[in-house]
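According to the numbering used here, the sequence shown is numbered sequentially starting from 1. Heads up, the beta-carbon is just placed ideally off N, CA and C, and yes, glycines get one too. Fair warning: this is a prediction, and the values are worked out from it, not measured in the lab.
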Amino acid sequence: MRFADCDRVSAIRIRGWQHAYRGLMPQAYLDGLSVAADAERRRARFGQGGGSVVNLVAEQGGEVVGWAACGPCRDGDGSPTGDAELYAVYVDPDHLGGGIGRALLAAAVERCRAYPRMLLWVLKGNTPARRFYERAGFRPDGAEEPFEVDGVPVPEVRYVRTLGG
């Protein structure tokens, strides 16, 4: 990912939330998400993390159509755990079903091969995403985190996959 991709990545992320989380989060919250605000935060953080965070983009015809981010997993207090974490995978909703998400996930896993495991968090009610990760070899490990959006509980479950590390 390049700095110039920040606006497009933010558009993909926000559209991804609005598409994937419809019915799982309050619609008013999803409607209020701002691509401009997300892009501003993304530009401000771009390049931070000392190179440990990897941002990947997928392109088709010269257009960014997907984004993934991965790096070291941190526990609740911010200390490293020794595992990798998949922070995000989003594909522009107009390009779903074409293998872009699978390619991004495979690239993220490959980038993190030195870690023993890769973890990720997914909304408990997001059945399509859970199936996607399960097809890629991830399994729920029983951990759950409370997550709340505008007073509505939307709990997350943790998935894990053994890597090469």
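Less than 9 Å between the beta carbons of residue i and residue j, yes or no?
i    : j    : result
A136 : Y115 : no
L105 : A143 : no
Q18  : D31  : yes
L123 : F138 : no
P72  : T81  : yes
R42  : V89  : no
A20  : A129 : yes
Quick one: residues in its chain with C-beta nearer than 6 Å to the C-beta of residue i, no 5 flanking neighbours on either side, listed in chain order?
i    : result
H95  : V65
D141 : R158 and V160
Using the C-alpha atoms, what's the distance from residue j back to residue i?
i    : j    : result
L163 : C112 : 8 Å
M118 : S34  : 30 Å
E134 : V154 : 20 Å
V109 : P26  : 32 Å
R131 : S52  : 28 Å
E156 : R2   : 30 Å
A103 : G47  : 23 Å
T127 : G23  : 12 Å
G99  : V91  : 10 Å
D75  : F147 : 16 Å
R45  : L86  : 17 Å
Could you tell me how far apart the beta carbons of residue i and residue j are, in whole angstroms, since I believe they sit closer than 8 Å?
i   : j   : result
I12 : D38 : 10 Å between Cβ atoms; not a contact.
Apart from the five residues just before and just after residue i, which ones in its own chain have a Cβ nearer than 8 Å to its Cβ?
i   : result
A28 : D150
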